[in-house]
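Some notes on the structure that comes next.
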Amino acid sequence: MKTKMPSKFLPSSSDSESDQHHPNVVSMEDFCAWYGDFQALHNLKLDIPENRVTAFIGPSGCGKSTLLKWINRMNDIVPGAHASGKLVLPDIDILARSTDVVALRRRIGIVFQKPNPFPKSIFDNIAFGPRLHFANLPKSDLDDLVEWALKKAALWNEVKDRLNKSALGLSGGQQQRLCIARAIAVGPDILLMDEPCSALDPASTSRIEDLIFELREQYSIVIVTHNMQQAARCSDRTAFFFEGRIVEEGATEDVFTRPQEQQTEDYVTGKFG
Amino acid sequence: MAVADTANQKPAVLQRRQFRSLATTRFREWFILAALACCTAFTLLITVTIVCLLVGQTIQFFSMPETSISDFLFGLTWSPTLGNEKLFGIWPLICGTMWVTVIAMCVALPLGLVTAIYLSEYAPKRLRNVLKPILELLAGIPTVVYGFFALVVITPALQAIGIQVDFYNAVSAGIAVGILCLPTVASLSEDALQAVPRRLREAAYGLGGTKFDVSLKVVVPAALSGIISAFLLAAARAIGETMIVAMAAGALANLTIDPRQQIQTMTGHMASTATGDISNFDVRYYSIYAVALVLFFITLTLTVIGNVVRRRFQEAYD
Numbered sequence: 001m002k003t004k005m006p007s008k009f010l011p012s013s014s015d016s017e018s019d020q021h022h023p024n025v026v027s028m029e030d031f032c033a034w035y036g037d038f039q040a041l042h043n044l045k046l047d048i049p050e051n052r053v054t055a056f057i058g059p060s061g062c063g064k065s066t067l068l069k070w071i072n073r074m075n076d077i078v079p080g081a082h083a084s085g086k087l088v089l090p091d092i093d094i095l096a097r098s099t100d101v102v103a104l105r106r107r108i109g110i111v112f113q114k115p116n117p118f119p120k121s122i123f124d125n126i127a128f129g130p131r132l133h134f135a136n137l138p139k140s141d142l143d144d145l146v147e148w149a150l151k152k153a154a155l156w157n158e159v160k161d162r163l164n165k166s167a168l169g170l171s172g173g174q175q176q177r178l179c180i181a182r183a184i185a186v187g188p189d190i191l192l193m194d195e196p197c198s199a200l201d202p203a204s205t206s207r208i209e210d211l212i213f214e215l216r217e218q219y220s221i222v223i224v225t226h227n228m229q230q231a232a233r234c235s236d237r238t239a240f241f242f243e244g245r246i247v248e249e250g251a252t253e254d255v256f257t258r259p260q261e262q263q264t265e266d267y268v269t270g271k272f273g
Numbered sequence: 274m275a276v277a278d279t280a281n282q283k284p285a286v287l288q289r290r291q292f293r294s295l296a297t298t299r300f301r302e303w304f305i306l307a308a309l310a311c312c313t314a315f316t317l318l319i320t321v322t323i324v325c326l327l328v329g330q331t332i333q334f335f336s337m338p339e340t341s342i343s344d345f346l347f348g349l350t351w352s353p354t355l356g357n358e359k360l361f362g363i364w365p366l367i368c369g370t371m372w373v374t375v376i377a378m379c380v381a382l383p384l385g386l387v388t389a390i391y392l393s394e395y396a397p398k399r400l401r402n403v404l405k406p407i408l409e410l411l412a413g414i415p416t417v418v419y420g421f422f423a424l425v426v427i428t429p430a431l432q433a434i435g436i437q438v439d440f441y442n443a444v445s446a447g448i449a450v451g452i453l454c455l456p457t458v459a460s461l462s463e464d465a466l467q468a469v470p471r472r473l474r475e476a477a478y479g480l481g482g483t484k485f486d487v488s489l490k491v492v493v494p495a496a497l498s499g500i501i502s503a504f505l506l507a508a509a510r511a512i513g514e515t516m517i518v519a520m521a522a523g524a525l526a527n528l529t530i531d532p533r534q535q536i537q538t539m540t541g542h543m544a545s546t547a548t549g550d551i552s553n554f555d556v557r558y559y560s561i562y563a564v565a566l567v568l569f570f571i572t573l574t575l576t577v578i579g580n581v582v583r584r585r586f587q588e589a590y591d
């Protein structure tokens with residue numbers, strides 16, 4: 001018989017109050033992932049709260065991007081990648097064979113490290129996802145949707161007169177905001193961002209960070225970053241990864257100012273990594 | 274201390290400061306430049322020589338009493354061997370070439386493109402590594418084999434399924450040329466598809482695209498310029514293909530809208546005339562140069578159009 005867990009095993013940290021307002025959208029337990037024989041992730045346990053920004057930090061090769069890409073099963077296209085354990089949305093088992101990745105990715109959008117607009121017009125870039133997913137899509141609705149997504153990504157004013165021009169003519173920062181707009185145009189609840197600013201200049205980076213901060217009102221965001229300041233500035237919760245394990249996880253403020261583990265402290269203060 | 278000394282001392286190479294001779298370096302650079310320029314000049318020279326030869330012999334052809342430029346360009350009958358009246362109207366030969374090329378491209382383009390998409394986007398890597406060399410082997414089969422194949426397999430097969438083709442006909446030859454061009458289209462298109470950056474595929478998968486969506490709506494459009502150039506290269510090969518048409522298409526210049534009949538292509542005429550026992554001063558001999566010049570212009574036009582089209586449709590990804 002299962003007995004009630006002693007309270008010391010329940011999540012105890014100081015932000016349990018805010019957790020109540022922000023139920024988990026993604027939970028994992030005992031999650032392991034491999035590339036072929038190489039185990040990239042070891043027995044992870046983590047909850048990602050709704051409408052918050054969760055940052056994954058850690059040195060290169062620590063598995064943070066691998067985990068991110070498992071959340072919407074982008075690793076399906078990587079030969080030899082497989083995983084075990086529990087990785088679930090409230091209503092969907094992400095890892096289940098029966099889970100339709102098309103439906104999953106409609107709910108969980110992703111933004112990549114390097115801006116990757118399609119070599120199509122700005123309009124067609126945003127319309128790409130909606131055209132895949134929505135059955136009844138009259139031109140006027142599509143126009144509204146494209147405008148909405150571009151406004152949401154704070155790009156509309158810069159591109160509204162050149163929607164039919166190639167997206168490749170935009171600057172790197174604009175391209176990355178276009179990719180964010182493209183991701184939210186299919187109406188996801190969760191946005192995954194894999195080092196979204198690492199290829200951008202400081203000004204563009206700060207615009208994207210502002211954007212992330214605004215988007216968290218409506219989206220649950222997971223961001224992988226190499227940049228400590230970025231994690232500190234725009235995330236609510238932080239998970240520190242090292243060699244495929246989560247060393248420490250908690251409210252961003254706690255992780256940065258009162259780390260529980262020596263490794264975390266060394267990393268966030270720049271002693272290694 | 275010894276250890277500190279060696280750490281502070283520069284390595285021997287840096288101490289000697291013996292540099293390679295700058296003069297030698299400069300000479301080597303100059304020599305390489307000269308060698309490259311010579312190779313380029315040689316290629317150019319060959320091309321110019323061929324064009325000069327074609328033009329010169331074509332002028333010879335038109336200086337003969339039996340010929341005129343207007344008859345050649347606008348005449349609808351090509352009968353260089355029959356009786357006293359020799360007619361040199363190019364259109365029946367162009368018609369023959371066109372039929373073979375169109376039929377060949379109707380075979381090679383769809384099959385080649387589908388094959389390329391399968392190999393690049395769907396096939397497991399192992400299978401692809403086996404299939405692609407086999408496919409490319411098709412291009413290594415001597416064309417005379419394709420000629421026989423057209424005569425003894427394709428023509429009887431067409432007749433068996435109820436298509437009333439002559440023994441020599443444009444359809445069989447066209448299909449054989451199409452099979453010959455298939456590996457060119459498939460292999461070059463596959464290269465173009467493979468060259469599409471992985472991050473574009475990731476973007477499309479990340480938006481919830483299926484494999485089919487990703488292939489058809491992202492990868493193929495992004496590779497379009499490469500696919501067009503593959504197609505043009507294959508078309509140029511089809512237009513210039515000689516052996517298959519000489520064997521299987523017939524030897525009767527025929528301005529026809531029915532490809533089931535026998536036809537003669539420009540290359541077919543040139544092959545049969547050049548290998549026949551015709552005197553070097555015969556008007557028929559010079560006719561092959563005039564035909565070759567027309568062929569040259571057609572191919573040139575195709576290439577130019579191809580480049581213009583490619584530039585217009587190009588979806589550059591960087």
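Protein chains in written order, with the working numbering: chain A, 1 to 273; chain B, 274 to 591. Even glycine gets a Cβ: it sits at the ideal position worked out from N, Cα and C. As the structure is a prediction and not an experimental result, all values here were calculated from the model.
Exercise. Assign R245(A) to one of three DSSP states: helix, strand, or coil.
Key: strand
Quiz item: Taking 8 Å as the CB-CB limit, is I92(A) close to chain B?
Solution: no
Exercise. Determine whether the Cβ of D464(B) lies closer than 8 Å to any Cβ atom of chain A.
Key: no
Quiz item: Among all the DSSP beta bridges, which residues are the ones paired with W372(B)?
Solution: Its beta-bridge partners do not exist; DSSP assigns none.
Self-check item: Spatial distance of I223(A) from S27(A) (CA atoms)
Solution: 16 Å
Self-check item: Inter-residue Cα distance where the pair is G187(A) and L178(A)
Solution: 15 Å
Quiz item: Would you say L155(A) and P117(A) are within 8 Å of each other, going by their C-beta atoms?
Solution: no
Quiz prompt | Inter-residue spacing [alpha-carbon to alpha-carbon] between P23(A) and D210(A) | solution = 24 Å
Quiz prompt | Residue closest to L455(B), alpha-carbon to alpha-carbon, out of F504(B), P470(B), D486(B), A495(B) | solution = F504(B)
Quiz item: Is F292(B) helix, strand or coil by DSSP?
Solution: coil
Quiz item: chain B beta carbons: is any one of them nearer than 8 Å to that of F123(A)?
Solution: no
Practice problem: Could you list which residues in chain A have their beta carbon closer than 7 Å to that of E394(B), in chain order? | Solution: Near E394(B) there are no residues of chain A at all, since even the closest Cβ is about 11 Å away, more than 7 Å.
Quiz item: Which ranges does the beta strand (DSSP E) cover as unbroken runs of at least 3 residues, wholly within the region 38-71 of chain A, from first to last along the chain?
Solution: 38-49, 53-57
Practice problem: Since I believe W70(A) is in contact with R96(A) (beta carbons under 8 Å), could you give me their beta-carbon distance rounded to a whole number of angstroms? | Solution: Sequence inspection shows Ala at residue 96(A); the Arg mentioned does not correspond to that position. So it is not a contact: roughly 13 Å between Cβ atoms.
Self-check item: Distance, M228(A) Cα to V268(A) Cα
Solution: 7 Å
Quiz item: Which residues, taken in chain order from the region 459-483 of chain B, show a beta carbon closer than 8 Å to some beta carbon of chain A?
Solution: P470, R472, L473, R474, E475, A476, A477, Y478, G479, L480, G481, G482, T483
Self-check item: Residue from L480(B), E475(B), L461(B) whose Cα sits closest to the Cα of I501(B)
Solution: L461(B)
Self-check item: Sequence-distant residues of the same chain with beta carbon closer than 7 Å to R52(A), five excluded per side
Solution: H22, R216, S220, D236, R237
Exercise. Determine, using beta carbons only, whether D194(A) and Q262(A) come nearer to each other than 8 Å.
Key: no
Quiz prompt | Secondary structure of C234(A), DSSP reduced to three states | solution = helix
Quiz item: So with Cβ pairs under 8 Å, would you call P119(A) a contact of chain B?
Solution: yes
Practice problem: Answer with yes or no whether the minimum CB distance from V53(A) to chain B is below 8 Å. | Solution: no
Practice problem: Answer yes or no: do Y562(B) and T331(B) have a C-beta to C-beta separation smaller than 8 Å? | Solution: yes
Quiz item: Do we get a CB-CB distance below 8 Å when we pair A496(B) with the residues of chain A?
Solution: no
Quiz item: Excluding the five sequence neighbours on either side, which residues of its own chain have a C-beta within less than 6 Å of the C-beta of I367(B), listed in chain order?
Solution: none
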